[in-house]
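Asks: Each position in the sequence shown, counted from 1, maps to that position plus 353 in this note's numbering. Ideal Cβ placement from N, Cα and C applies to all residues, glycine included. Predicted, not measured: the structure shown is a model, and the values here were computed from it.
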Amino acid sequence: MSKVTSLLGAISEVGRDASRGGYSRPVYSTAELDLRSWFIAEAERRGLAVNTDRNGIIWAWYGPEQDDSLVTGSHLDSVPGGGAFDGPLGVAAALAAVDELRARGVEPGRNGKRSLAVTVFPEEEGSRFGIACLGSRLLTGAIDADKARNLKDAEGNSFAELSARNGLSAERLGADPEGLARIGQFIELHVEQGRGLIELDSPVAVAGSILGHGRWKFTISGQGNHAGTTLMTDRADPMVAAAQIILSAQKVAAAQSEARATVGRLQPIPGGTNVIASRVELWLDVRHPDDAVTAAVVQKIHGQAQIAAANEGCTVTLTEESLSPTTGFDQGLAAELQRLLPAAPVLDSGAGHDAGILASYLPAGMLFIRNPTGISHSPEEAVEDRDADSAAALLADVLQGLL
Ligand code: HGY
Ligand code: MN
Ligand code: MN
Ligand code: MN
């Protein structure tokens with residue numbers, strides 16, 4: 354059986370980001386396309402039948418392509434400066450689990466067993482086009498196809514153009530009921546992105562739920578001007594308002610237990626050192642177990658943003674970019690996973706995943722693998738070799754039990 358560590362070792366230089374550290378593998382970038390090619394080659398080497406669907410999701414079939422199959426997979430795109438495991442661990446473990454099943458003489462798609470498919474979803478992080486889990490939202494119809502087509506990256510390329518540039522038909526992007534029917538159950542193995550498994554002292558956990566989360570964009574407009582000729586009393590500086598919005602997001606969330614608010618992305622326009630910005634775009638990520646609290650936190654931050662903007666002689670607009678409710682996983686499947694992995698605790702996830710989108714349409718479940726640093730979306734994300742390699746056997750146990 355290929356070891357997960359050797360599979361990951363083969364891609365450990367793809368998309369390295371020398372300036373940020375870690376990896377930057379936005380969807381349809383050279384790095385992510387290289388990872389797609391790697392996955393397809395590894396899948397074909399295992400005799401899996403590979404195809405890429407209308408939304409750019411790669412399917413590798415062990416057994417005939419058919420409805421109600423058992424499907425496992427994750428993603429290969431990353432956040433900017435991300436870790437080596439967020440996404441690729443689940444994909445590599447799935448490939449190694451295919452080896453393990455074959456070594457055990459388990460033949461999906463034969464003797465009454467369901468077929469097995471390994472999938473790779475595009476744009477899980479939403480790092481290029483702004484909406485997380487774009488591939489699974491398209492597959493399920495959770496996002497309007499036109500809205501998806503017209504999403505733009507920082508260079509102004511639309512998702513439709515990038516899809517077409519990679520061999521897909523822009524017109525065919527969108528809900529794919531036939532593809533969705535292929536999935537009887539979906540299992541995603543993923544590196545844990547917090548400290549839960551360290552505190553639980555366990556190498557693996559079964560996911561209980563995914564924290565509701567959303568993304569909002571604030572656009573603050575002021576008066577662009579010269580840094581040297583404009584007195585402080587004559588300014589309408591959107592960066593000053595933005596600073597207050599970031600602080601208020603921190604304060605509002607800190608005052609609400611379980612809430613998380615993050616501004617990790619901010620874009621002054623035009624962005625010159627000696628230029629008072631005319632406009633600032635900033636993106637807010639808010640999460641909370643109770644969707645009503647998430648909405649209330651955003652509303653409070655928005656109210657304070659309007660005051661901050663007015664105080665600076667600026668205006669502010671807010672647009673909701675994406676919203677995912679708190680999602681529980683299929684109880685029956687979760688119970689099955691716990692039966693198959695009796696020592697695995699149940700752990701809720703503060704991170705979103707494609708399995709969380711699919712969970713609203715079909716029985717989905719997740720396995721988390723211990724991360725000794727408890728840090729993610731960072732070069733410091735880690736998985737011990739022994740935990741990475743045992744992930745394949747754990748996943749094979751689960752897949753064999755479910756097939
Ligand atoms: O942002 C998230 O929760 C996930 O890592 N895409
Ligand atoms: Mn992920
Ligand atoms: Mn992630
Ligand atoms: Mn000048």
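1. Going by DSSP in three states, P530 sits in which element: helix, strand or coil?
2. So, does the segment 701 to 715 touch the segment 535 to 551, judging by three or more C-beta pairs under 8 Å?
3. Between G520, A501 and S522, which lies nearest to F512 when the distance is taken from Cα to Cα?
4. Give me the Cβ distance between G575 and A630, rounded to the nearest whole Å; I'm assuming they're in contact under 8 Å.
5. Report yes if the CB atom of R481 is closer than 9 Å to the CB atom of L521, and no otherwise.
6. Would you say the beta carbon of G440 is closer than 8 Å to some non-hydrogen atom of ligand 2?
7. Where does D420 sit, in a helix, a strand or coil, going by DSSP?
8. Taking one C-beta from the segment 387 to 402 and one from the segment 364 to 372 each time, how about it: are there three or more such pairs within less than 8 Å?
9. Alpha carbon to alpha carbon, how far is G434 from L584?
10. How many whole angstroms separate the CB atoms of L635 and I598, which I take to be in contact at a CB cut-off of 8 Å?
11. Indicate whether G565 and P678 have their beta-carbon atoms separated by less than 9 Å.
12. To which residues of the same chain is E395 closer than 6 Å at the C-beta, ignoring the five residues directly before and after it?
13. Quick check: P732 and G375, are their CB atoms within less than 9 Å of each other?
14. Can you name, in chain order, every residue of its own chain whose Cβ lies under 6 Å from the Cβ of G532, other than the five neighbours on each side?
15. Residues in the same chain with beta-carbon distance under 7 Å from D506, minus the five sequence neighbours each way, listed in chain order, please.
16. Kindly examine ligand 1 and report whether one of its heavy atoms sits closer than 8 Å to the Cβ of D488.
17. Report whether the distance from the Cβ of S729 to the nearest heavy atom of ligand 3 is below 8 Å.
18. Are the segment 727 to 742 and the segment 671 to 685 touching, with three or more C-beta to C-beta distances below 8 Å?
19. May I ask whether a heavy atom of ligand 1 can be found less than 8 Å away from the beta carbon of H566?
20. Determine the contact status of Q419 and R467, defining contact as a CB-CB distance below 9 Å.
21. Quick check on the burial criterion: 16 or more other C-beta atoms within 10 angstroms. Buried or exposed for E524?
22. Is there a Cβ of chain D sitting closer than 9 Å to that of G436, yes or no?
23. Count the CB pairs spanning the segment 579 to 596 and the segment 639 to 647 that are closer than 8 Å, and state whether there are at least three.
24. Give the range of the alpha helix (DSSP H) segment to which I660 is assigned.
25. Am I right that S422 and G368 are in contact with their C-beta atoms under 8 Å? What's the rounded C-beta distance?
26. Helix, strand or coil for I410? Go by DSSP, reduced to three states.
27. Pull up the DSSP beta-bridge partners for W391, would you.
28. What do you reckon, is the C-beta of V736 under 8 Å from a heavy atom of ligand 3?
29. Which residues in the same chain have their Cβ closer than 6 Å to the Cβ of A413, if we skip the five residues on either side of it in sequence?
30. Taking the C-alpha atoms as reference points, what is the distance between V557 and A580?
31. Can you name the residues that DSSP bridges to P621?
32. Would you please state the rounded distance, in angstroms, between the beta carbons of D683 and G561? I believe it to be under 8 Å.
33. Between the C-alpha atoms of E460 and D742, what's the straight-line distance to the nearest angstrom?
34. Should Q419 be counted as a contact of ligand 3 given a C-beta to heavy atom distance under 8 Å?
35. Less than 9 Å separating the beta-carbons of N408 and G462?
36. Rounded to whole angstroms, what is the Cα-Cα separation between L755 and P621?
Replies: Per the coordinate set shown:
1. As a position in the sequence shown, residue 530 is number 177, starting the count at 1. If DSSP states are grouped into helix, strand and coil, P530 belongs with the helices.
2. yes
3. Against the sequence shown, residue 512 aligns to sequence position 159. Nearest of G520, A501 and S522 to F512, Cα basis: A501.
4. The residue labelled residue 575 in the question sits at position 222 within the sequence shown. The residue labelled residue 630 in the question sits at position 277 within the sequence shown. Sure, about 7 Å apart at Cβ, within 8 Å.
5. For the purposes of this step, residue 481 is taken as residue 128 along the sequence shown, with counting starting at 1. For the purposes of this step, residue 521 is taken as residue 168 along the sequence shown, with counting starting at 1. Not a contact, by the Cβ cut-off of 9 Å.
6. The residue you call residue 440 lines up with position 87 of the sequence shown. Correct: G440 has its Cβ closer than 8 Å to ligand 2.
7. Along the sequence shown, one-based indexing puts residue 420 at 67. D420 falls in the coil class under three-state DSSP.
8. yes
9. Reading the sequence shown from its first residue, position 81 is the one you call residue 434. Reading the sequence shown from its first residue, position 231 is the one you call residue 584. Taking the straight line from one Cα to the other gives about 38 Å.
10. As a position in the sequence shown, residue 635 is number 282, starting the count at 1. As a position in the sequence shown, residue 598 is number 245, starting the count at 1. Going by Cβ atoms, the distance from L635 to I598 rounds to 7 Å, so yes, they are a contact pair.
11. Translated into positions along the sequence shown, residue 565 becomes position 212. Translated into positions along the sequence shown, residue 678 becomes position 325. Yes; because the gap between Cβ atoms is below 9 Å, this pair is in contact.
12. As a first step, residue 395 must be located in the sequence shown, where it is residue number 42. Counting only Cβ-Cβ distances below 6 Å, and skipping sequence neighbours, we find L448.
13. The sequence position of residue 732 within the sequence shown is 379, counting from 1. The sequence position of residue 375 within the sequence shown is 22, counting from 1. Cβ distance < 9 Å, so P732 and G375 count as in contact.
14. Here residue 532 refers to the residue found at position 179 when the sequence shown is read from its first residue. Correct list, in chain order: D406 and L492.
15. Mapped onto the sequence shown, residue 506 falls at position 153. Here the set comprises R481 and F482.
16. Mapped onto the sequence shown, residue 488 falls at position 135. The displayed chain sequence assigns Gly, not Asp, to residue 488. Not under cutoff, so the answer is no.
17. Against the sequence shown, residue 729 aligns to sequence position 376. Yes, the beta carbon of S729 sits closer than 8 Å to at least one heavy atom of ligand 3.
18. no
19. Position 213 of the sequence shown, counting from 1, holds the residue named residue 566. Correct: H566 has its Cβ closer than 8 Å to ligand 1.
20. Mapped onto the sequence shown, residue 419 falls at position 66. Mapped onto the sequence shown, residue 467 falls at position 114. For Q419 and R467, yes; Cβs fall inside 9 Å.
21. By 1-based counting over the sequence shown, the position of residue 524 is 171. Label assigned to E524: exposed.
22. The chain labelled as chain D is not found in the depicted structure, where only one protein chain is given.
23. no
24. Within the sequence shown, residue 660 is the residue found at index 307, counting from 1. Start and end: D644 to N664.
25. Within the sequence shown, residue 422 is the residue found at index 69, counting from 1. Within the sequence shown, residue 368 is the residue found at index 15, counting from 1. With a Cβ gap of about 30 Å, S422 and G368 do not count as contacting.
26. For the purposes of this step, residue 410 is taken as the residue at position 57 of the sequence shown. DSSP places I410 in coil when its eight states are reduced to three.
27. The sequence position of residue 391 within the sequence shown is 38, counting from 1. The partner list for W391 (beta bridge, DSSP) is empty, contrary to what the question assumes.
28. Position 383 of the sequence shown, counted from the start, is the residue given in the question as residue 736. Answer for V736: no, Cβ out of range of ligand 3.
29. Position 60 of the sequence shown, counted from the first residue, corresponds to residue 413. Excluding sequence neighbours, A413 sits near A396, L401, V403 and V471.
30. Sequence index remark: in the sequence shown, residue 557 carries index 204 (1-based). Sequence index remark: in the sequence shown, residue 580 carries index 227 (1-based). For V557 and A580, the distance between alpha carbons rounds to 54 Å.
31. Taking the sequence shown and counting its residues from 1, the one referred to as residue 621 is at position 268. Bridge partners of P621: V633.
32. Translated into the one-based positions of the sequence shown, residue 683 becomes position 330. Translated into the one-based positions of the sequence shown, residue 561 becomes position 208. That pair is no contact at about 11 Å.
33. On the sequence shown, residue 460 is found 107 positions in, with the first residue counted as 1. On the sequence shown, residue 742 is found 389 positions in, with the first residue counted as 1. Using only the alpha carbons, I get a separation of about 22 Å.
34. Position 66 of the sequence shown, counting from 1, holds the residue named residue 419. No, ligand 3 has no heavy atom inside 8 Å of this Cβ.
35. For the purposes of this step, residue 408 is taken as the residue at position 55 of the sequence shown. For the purposes of this step, residue 462 is taken as the residue at position 109 of the sequence shown. Not in contact: N408 and G462 (Cβ atoms no closer than 9 Å).
36. As a first step, residue 755 must be located in the sequence shown, where it is residue number 402. As a first step, residue 621 must be located in the sequence shown, where it is residue number 268. Rounded to whole angstroms, L755 to P621 spans 51 Å at the Cα level.
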